[in-house]
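Going letter by letter, the sequence shown gives residues 0 to 241 in numbering that gives the first Met the number 0. Just so it is clear, CB atoms sit at the ideal spot from N, CA and C, and this is done for glycine as well. Encoded as C-alpha cells, the structure appears first; notes follow it.
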Amino acid sequence: MTSLSAEQLEFFDESGYLILENLFTDDEVTHLQSESDYLLELILNSSLMHQRLSGRLDWRLTSQDVQMVRKIQPINDLSLAFTKAIEEERIVEPLRQIMGDEPVLIEEKLNGKQPLTQKIEGLPIRQIDDAFPVHNDWAYYAAQNYPQNVLSSALLLDDCTTENGPLRIWPGSHKPHLEHERVDNGLQVREGLIDHEGGIDLLAPAGSFMIFHVLAAHNSRPNVSGRPRRLMIYSHCPASAN
C-alpha cells in the first residue's frame, strides 16, 4: 500500500496534481501494454468485421497523414487486467487520502495517442490532430452533477516524454473552476482566462501514477514521436456524494 506524506498532500493541495513514479513494476507494465495491444486489435477488427466504426474508438488522421488512435472508451468491461489494476490499494489509498473519502470509479478510458504502423481502409476517420485542448475534466462532468472534488488520474503504460504528447498541466489552476467554450476538438478554457501556451509537461517513466484535481487545467500536444503514449485515465467520485 502507498501512503502519501504530509509534504505530498500539501503539494497536491497547492498545485492540483501529484506524480508517484514507478508505482507499477516493469513486468506489470509489460502485461498491461500487451493487454492494450489486444484491446486495440479487438476494437479495430470488430469495426472492420461489422463495417462500422466502434463507438468506443476515437481515432484521427493527423496532419502528418498518420492514423492515430486517440482514445478507447470504456475499457473495464473488456479487460479484467485493467479492472484489477485500478482496484490496487497502491492506487486507491493515495486517492482516498487526498479525497478524505472512499473513491468510487465513475469513468475509465485508454488514451493511446498510438500511431498505427499499417493504414486501415474502409472506416470513417476524422482528419484532425490527436492533441487535447486546454480544459479541466469537471467541464464535462458538470452535466452529470458530479461534485468538484472528483479526482482524475493516469496510469502510464509508456514513458511520457516531450515528444510523445505528455499531459501538460497548469499548476494551481484548480482554484477555482475556469469557464469553458466549445471548440472543434472538445471543450476549452475560454481565451483570456489562462495562458494557453503556459503549463508544464508531466514527464515520468512507464509504471508511474499521476493524480490531478478535476478542476486542474491540462492538455496535451500531438504525439510526434512515432511511438505510442498510452495512459489509462481514471476518474473517481467520493462515496459520500452518492
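Of the listed residues the options, nearest to residue i (C-alpha basis)
{"i": "L19", "options": "R89, Q66, D136 and T82", "result": "R89"}
{"i": "F11", "options": "D129, M98 and Q117", "result": "M98"}
{"i": "N218", "options": "V188, A205 and Q72", "result": "V188"}
{"i": "R59", "options": "P114, V182, L94 and L39", "result": "P114"}
{"i": "R125", "options": "N135, E92, D57 and G185", "result": "D57"}
{"i": "L109", "options": "S207, D183 and D36", "result": "D36"}
{"i": "W255", "options": "D158, H173 and A84", "result": "Given that the chain is displayed from residue 0 to residue 241, the structure contains no residue 255 and the question cannot be resolved."}
{"i": "E196", "options": "L122, P132, K83 and A84", "result": "P132"}
{"i": "T82", "options": "I42, E34 and I127", "result": "E34"}
{"i": "I193", "options": "L39, N144 and P170", "result": "P170"}
{"i": "A130", "options": "R220, A153 and T116", "result": "R220"}
{"i": "S62", "options": "T1, A5, I127 and A84", "result": "I127"}
Per-residue DSSP class, three states only, for residue i
{"i": "K118", "result": "coil"}
{"i": "F23", "result": "coil"}
{"i": "S14", "result": "helix"}
{"i": "L186", "result": "strand"}
{"i": "D200", "result": "strand"}
{"i": "N44", "result": "helix"}
{"i": "I210", "result": "strand"}
{"i": "E178", "result": "coil"}
{"i": "R125", "result": "strand"}
Exposure label - residue i; buried when at least 16 CB within 10 Å
{"i": "E9", "result": "exposed"}
{"i": "M231", "result": "buried"}
{"i": "G111", "result": "buried"}
{"i": "S46", "result": "buried"}
{"i": "N135", "result": "buried"}
{"i": "N44", "result": "exposed"}
{"i": "M48", "result": "exposed"}
Bridge partners - residue i, DSSP secondary structure assignment
{"i": "V68", "result": "W58 and Q113"}
{"i": "M231", "result": "L109 and L154"}
{"i": "L104", "result": "H235"}
{"i": "I168", "result": "I199 and H217"}
{"i": "F131", "result": "S219"}
The ligand SAM heavy atom lying under 7 angstroms from the CB of residue i
{"i": "G164", "result": "As presented, the structure is devoid of all ligands, the ligand SAM included, so that no description of it is given."}
Exercise for review: Examine the Cβ distances between the region 92–105 and the region 143–159 and report whether three or more of them are shorter than 8 angstroms.
Suggested key: The region 92–105, when compared against the region 143–159, does touch it at the 8 angstroms Cβ threshold.
Review point. Does the region 222–230 come close enough to the region 161–169 that 3 or more CB-CB pairs lie under 8 angstroms?
Key: Pairwise C-beta distances place the region 161–169 in contact with the region 222–230, as three or more of them are shorter than 8 angstroms.
Check your understanding: With a cut-off of 8 angstroms, do at least 3 Cβ pairs link the region 18–38 to the region 175–183?
Key -> Taking 8 angstroms as the limit for Cβ pairs, the verdict is that the region 175–183 does not touch the region 18–38.
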